[in-house]
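2 protein chains.
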Amino acid sequence: MKGIIAHLNKAFENRIRLGIMSVLLVNDEVEFNRMKELLDVSDGNLASHISALEKEEYVLVKKQFVGKKPNTTYKVTKLGKKAFEEHLNALEKLLKG
Amino acid sequence: MKGIIAHLNKAFENRIRLGIMSVLLVNDEVEFNRMKELLDVSDGNLASHISALEKEEYVLVKKQFVGKKPNTTYKVTKLGKKAFEEHLNALEKLLKG
DNA sequence: ATTTTAACTTTGTAATACAAAGCACTTTTA
DNA sequence: TAAAAGTGCTTTGTATTACAAAGTTAAAAT
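These protein sequences, in sequence, are chains A and B. Under the working numbering, the residue at position 48 of the first sequence is numbered 48, and the numbers go up by one with no gaps. Under the working numbering, the residue at position 76 of the second sequence is numbered 173, and the numbers go up by one with no gaps.
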């Protein structure tokens with residue numbers, strides 16, 4: 001017997017990861033520091049949640065130099081977008097009874 | 098600096114607790130076994146999540162006998178309803194950018 | 001020369017989630 | 001009438017997580 005919460009994706013259960021995905025769905029590319037500010041989390045904490053999403057291949061991490069400064073940006077992958085949308089569908093279905 | 102996820106309620110982060118609240122928002126009163134079935138969780142696990150919500154005073158537990166059988170039902174409290182609605186508002190705000 | 005910025009990684013701790021087993025009691029079934 | 005099953009937990013144990021804090025590497029700015 002399949003429960004009504006079965007389609008919620010564990011990767012998006014945590015609110016920081018939920019926040020990351022939400023930001024990445026409406027912003028094509030977001031920098032580390034911008035994301036940190038938006039979510040108001042520590043750098044270590046952000047890095048670890050990003051890396052969890054990266055491991056699932058939901059987020060793509062791009063490292064480059066802008067001028068001489070290191071610069072890290074994040075993008076959602078196609079897979080991540082799909083997974084997140086499915087999660088939101090499941091959420092919606094759950095919430096509207 | 099307040100983050101965009103700051104208004105999400107920690108009590109509702111877990112999907113089982115999210116499920117419980119969703120069920121209780123549309124069903125005035127729900128029995129233990131019905132809830133267990135709906136969510137497809139073990140009895141111990143359900144009990145522990147219920148007790149977490151009870152501790153926050155978001156859920157009210159009523160124990161009685163129906164005939165000779167023990168019967169436990171759950172109801173959302175006023176406080177729980179308010180808190181959950183605020184959580185959903187925060188979620189919505191987060192998700193629509 | 002020292003501090004700051006960037007972007008982590010490591011370490012340690014506390015909280016959580018959950019399965020599994022145990023429990024007290026009653027009712028149903030063989 | 002003895003055994004099995006149901007109700008609704010509590011306890012125990014383990015594994016996973018979240019997070020803060022501190023450490024790290026390397027360049028940039030003062």
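Ideal Cβ positions, reconstructed from N, Cα and C, are used throughout, including at glycine.
Helix, strand or coil at residue i [DSSP, three-state]
i      : result
V23/A  : helix
L105/B : coil
N14/A  : coil
K166/B : strand
K2/A   : coil
Host beta strand (DSSP E) of residue i (start-end)
i      : result
K160/B : 156–163
The alpha helix (DSSP H) enclosing residue i, as first and last residue numbers
i      : result
K179/B : 175–192
G141/B : 140–152
E134/B : 129–136
Residue i classed as buried or exposed, judged by whether at least 16 other C-beta atoms fall within 10 angstroms
i      : result
S145/B : exposed
G164/B : exposed
G116/B : buried
CB of residue i within 8 Å of CB of residue j, strictly
i      : j      : result
A180/B : H104/B : no
M21/A  : G80/A  : yes
K63/A  : T72/A  : yes
G100/B : D40/A  : yes
For this session: Would you check if the segment 104–111 of chain B and the segment 22–42 of chain A touch, i.e. whether three or more CB-CB distances between them fall below 8 Å?
Result: no
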